[in-house]
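Which chain is which? The protein sequence lines are A and B, in order.
Here our numbering runs 8 ahead of the position in the first sequence, where the first position is 1.
Here our numbering runs 482 ahead of the position in the second sequence, where the first position is 1.
For glycine and all other residues, C-beta sits at the position ideal for the given N, C-alpha and C.
Bear in mind that the values here come from a model prediction, so they are computed numbers and not experimental data.
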Amino acid sequence: GQNIDQPTEMTATEGAIVQINCTYQTSGFNGLFWYQQHAGEAPTFLSYNVLDGLEEKGRFSSFLSRSKGYSYLLLKELQMKDSASYLCAVRDRGGGFKTIFGAGTRLFVKA
Amino acid sequence: EPEVTQTPSHQVTQMGQEVILRCVPISNHLYFYWYRQILGQKVEFLVSFYNNEISEKSEIFDDQFSVERPDGSNFTLKIRSTKLEDSAMYFCASSVGGAPDTQYFGPGTRLTVL
């Protein structure tokens, strides 16, 4: 079956660092994405991992371990505007590029 | 910066009616997708489309759904006979190529079925 697990909610303080974990069990794997989604808006792309290791992109970094079915998104120097849902998504191996999304982690950044 | 656009932003319809949701993908993109998100739930894949045909569809995408690229710019999702449970936000997305290309999402159409 297809299963992507991530915490439902997290709270962090402005200026701090937060790590959002994601574990997945999918029938195929062709990359893992992290998206940010503000309430009532569309998901926006943050990062992509297909090989093991860390990808860094400004204040955001994402890590992947394929053998463990595990990824995390690291957000540094948190800002109030980072309050949003963070969606972990796995692309299937099939030719149709089906992407399976987790339920998302709602991050609250407090002053 | 180019973006995916969708119309209408909000559609209200009666149960049993047909609706067509419209999308204009980014102009040089070749792969197109529809997703839905029921309020408070996760984003769900519906269908992917490439080279004028469906590449893959989910179990949600039954005979009530169809997609079409009627011209060089539009990509549409038709729901033939809407049900109450079709009420959701529908997102169109596009990408230049397949994996590992990033999918860019449109702002969504909120469909309300009464």
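* chain A contact for B:P507 (CB, 8 Å cutoff) -> Counting from 1 along the second sequence, the entry for residue 507 of chain B is found at position 25. Proximity of B:P507 to chain A, defined by a Cβ-Cβ separation below 8 Å, is not satisfied.
* Using a cut-off of 7 Å between C-beta atoms, extract the partners of B:V525 located in chain A. => Working through the second sequence from its first residue, we reach residue 525 of chain B at position 43. The CB of B:V525 comes closer than 7 Å to the CB of P51, L95, F109 in chain A, given here in chain order.
* To do: Answer with buried or exposed for B:E526, where buried requires no fewer than 16 other C-beta atoms within 10 angstroms of its C-beta.
  => Here residue 526 of chain B is taken as the residue at index 44 of the second sequence, counted from 1. By the 10 Å Cβ count, B:E526 comes out buried.
* **Limits of the unbroken beta strand (DSSP E) element including B:F527** => Here residue 527 of chain B is taken as the residue at index 45 of the second sequence, counted from 1. Looking at the DSSP string, the run of the beta strand (DSSP E) that includes B:F527 is 525–532.
* To do: Would you mind telling me which residues of chain B sit closer than 9 Å to A:G112, beta carbon to beta carbon, in chain order?
  => As a working mapping, residue 112 of chain A is identified with position 104 in the first sequence. Annotation: Cβ neighbours of A:G112 in chain B (cutoff 9 Å, chain order): K524, V525.
* To do: With DSSP as the reference, please indicate the residues paired to A:S73 in a beta bridge.
  => Looking up residue 73 of chain A in the first sequence gives position 65. Bridge partners of A:S73: A:Y78.
* **Counted within 10 angstroms of its Cβ, other Cβ atoms place B:Q523 as buried (16 or more) or exposed** => Residue mapping note: residue 523 of chain B aligns to position 41 of the second sequence, counting from 1. Burial call: exposed.
* Asked: Could you give the C-beta distance for B:H511 and B:S577, rounded to a whole number, given that I count them as a contact under 8 Å?
  -> The count along the second sequence starts at 1 and reaches residue 511 of chain B at position 29. The count along the second sequence starts at 1 and reaches residue 577 of chain B at position 95. About 6 Å separates the beta carbons of B:H511 and B:S577, which is inside the 8 Å limit, making them a contact pair.
* Could you say if the region 22–36 of chain A and the region 86–99 of chain A meet the contact criterion of at least three C-beta pairs nearer than 8 Å? => Counting Cβ pairs under 8 Å, three or more are found: they touch.
* Taking Cβ-Cβ distances shorter than 9 Å, what residues in chain A pair up with B:T584? -> As a position in the second sequence, residue 584 of chain B is number 102, starting the count at 1. Listed along the chain, the chain A residues whose CB falls inside 9 Å of the CB of B:T584 are F41, F53, Y56.
* CA nearest to the CA of A:S91, picked from A:G39, A:Q44, A:C30 -> Position 83 of the first sequence holds residue 91 of chain A. That would be A:Q44, whose Cα lies nearest to the Cα of A:S91.
* Quick one: grab the DSSP three-state call for A:K89. => Along the first sequence, one-based indexing puts residue 89 of chain A at 81. In this structure, A:K89 counts as helix in the three-state DSSP scheme.
* Touching or not, the region 544–559 of chain B and the region 499–508 of chain B, by the rule of three or more beta carbon pairs under 8 Å? -> Enough Cβ pairs lie closer than 8 Å, so yes.
* **Reduced DSSP category for B:E598 - H, G, I as helix; E, B as strand; rest coil** => Outside the shown range of chain B (483 to 596) lies residue 598 of chain B, about which nothing can therefore be said.
* Quickly, what does DSSP pair A:I12 with across the bridge? List them, please. => As a working note, residue 12 of chain A is residue 4 in the first sequence. In the DSSP output, where bridge partners are listed per residue, A:I12 has A:Y32.
* To do: Just the chain B side, please: which residues come within less than 7 Å of A:G66 by C-beta, in chain order?
  => Start at 1 with the first residue of the first sequence, and residue 66 of chain A comes out as number 58. In chain order: nothing, as chain B lies at least about 16 Å away.
* Roughly how many angstroms separate the alpha carbons of B:Y515 and A:C96, rounded to a whole number? -> Within the second sequence, numbered from 1, the residue matching residue 515 of chain B stands at position 33. Within the first sequence, numbered from 1, the residue matching residue 96 of chain A stands at position 88. Computed Cα separation, rounded: 18 Å.
* To do: May I ask you to verify whether the region 483–498 of chain B touches the region 560–571 of chain B, counting CB pairs closer than 8 Å and requiring at least 3?
  => Contact between the region 483–498 of chain B and the region 560–571 of chain B is present: three or more C-beta pairs spanning the two stretches fall below 8 Å.
* **Between the CA atoms of B:L528 and B:F543 - distance to the nearest angstrom** => Start at 1 with the first residue of the second sequence, and residue 543 of chain B comes out as number 61. Start at 1 with the first residue of the second sequence, and residue 528 of chain B comes out as number 46. So the two alpha carbons sit approximately 6 Å from each other.
* From B:L596 to A:D60, what distance separates their C-alpha atoms? -> The residue you call residue 596 of chain B lines up with position 114 of the second sequence. The residue you call residue 60 of chain A lines up with position 52 of the first sequence. Put simply, the backbone Cα of B:L596 is about 47 Å away from that of A:D60.
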